[in-house]
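A.B. asks: Okay, here's the structure, questions in a sec.
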Amino acid sequence: MLSLCILLLATVVYGDDVSICPSQIQHGATLKTHGTHCYEFQLHIKRDWKAAQGDCAARGGTLVVVNDNEEQTFLMSSLKSLSFHATGVWIGLSDTNQEGTFAWVTGETNSFTFWAPGQPHSPHSGRSVRFLLDSVADEDCVLMKYSDSGHWHDYPCKKLDPLGLVRENYPYVCEYNAVGTAAPSTVSTIAPSTLSSTFAALPDTPSVPTL
Ligand SMILES: [Ca+2]
Ligand SMILES: [Ca+2]
Numbered sequence: 000m001l002s003l004c005i006l007l008l009a010t011v012v013y014g015d016d017v018s019i020c021p022s023q024i025q026h027g028a029t030l031k032t033h034g035t036h037c038y039e040f041q042l043h044i045k046r047d048w049k050a051a052q053g054d055c056a057a058r059g060g061t062l063v064v065v066n067d068n069e070e071q072t073f074l075m076s077s078l079k080s081l082s083f084h085a086t087g088v089w090i091g092l093s094d095t096n097q098e099g100t101f102a103w104v105t106g107e108t109n110s111f112t113f114w115a116p117g118q119p120h121s122p123h124s125g126r127s128v129r130f131l132l133d134s135v136a137d138e139d140c141v142l143m144k145y146s147d148s149g150h151w152h153d154y155p156c157k158k159l160d161p162l163g164l165v166r167e168n169y170p171y172v173c174e175y176n177a178v179g180t181a182a183p184s185t186v187s188t189i190a191p192s193t194l195s196s197t198f199a200a201l202p203d204t205p206s207v208p209t210l
């Protein structure tokens, strides 16, 4: 318990100490911490939702799961401090598995939402048109719309034009568990100064729904 307290205290004291972030993530201005989690702001890369989630998963993370208002505020203030000025960023929320039921990529069931008025809004008039136009008709993935005060909007996960070319990709934010947070029982053997070389991977994430 004492060791856990020391770890938490260290987190508070050091704030943006990105040494608690997984070592395989490129460190720099776009890497930030909030609480015991680490956030990688992929603002200069635009991908469709599934590819964005895949990129985060490749480094042991997921698209960001916005658990509460504090995390929402942290994300928006971070985007502002990074001079973000695009439409928005993908977050790890989609209703691909079951239309109308939005689920987080980690399986977390926190109740916080920040939908824009009238959202989610998923027109289904084109549902009978499968093939390429199917993904245009559905809005199953969620964008934190920076240009709308951070409100959430459902967007097509992978928007294609009639020629099948991707026309709508967005930047995104990956979230990672920080060092030691997934295995607190082992903290007592780890001195804070050595935390940077050790981290606990996120638990296996649910498979990404087929889009
Ligand atoms: Ca989170
Ligand atoms: Ca939908």
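Quick note: the sequence shown, position 170, residue 169 per numbering that gives the first Met the number 0, numbers continuous. We put the beta carbon where it would ideally sit given N, CA and C, even for glycine.
1. Please return the same chain residues whose Cβ sits closer than 6 Å to the Cβ of His-152, not counting the five positions on each side in sequence.
2. Could you pull the DSSP bridge partners for Thr-32 from this structure?
3. In the DSSP assignment, what are the bridge partners of Asp-153?
4. If you draw a straight line from the C-alpha of Ser-148 to the C-alpha of Gly-163, how long is it?
5. Please determine, among Asn-168, Pro-161, Ser-146, the residue with the shortest C-alpha to C-alpha distance to Pro-155.
6. Taking only the alpha-carbon atoms, compute the straight-line gap between Tyr-171 and Phe-40 and give it to the nearest angstrom.
7. What do you reckon, is the C-beta of Glu-174 under 6 Å from a heavy atom of ligand 1?
8. Tell me, please, which residues DSSP counts as bridged to Thr-61.
9. Taking only runs of the alpha helix (DSSP H) that begin and end inside the stretch 46-97, which ones reach a length of at least 4 residues, in chain order?
10. Which of the three DSSP states, helix, strand or coil, is assigned to Ile-24?
11. Rank Thr-29, Val-104, His-36, Leu-92 by C-alpha distance to the C-alpha of Thr-112 and give the top, closest one.
12. If you measure from the CB of Glu-39, is any heavy atom of ligand 1 nearer than 6 Å?
13. Select from Phe-73, Asp-94, Asp-54, Glu-69 the residue whose C-alpha is nearest the C-alpha of Lys-31.
C.D. replies: Answer, in terms of the structure:
1. Ala-115, Gln-118, Leu-142, Lys-144
2. Cys-37
3. Val-141
4. 32 Å
5. Asn-168
6. 6 Å
7. yes
8. Glu-174
9. 48-56, 68-80
10. coil
11. Leu-92
12. no
13. Phe-73
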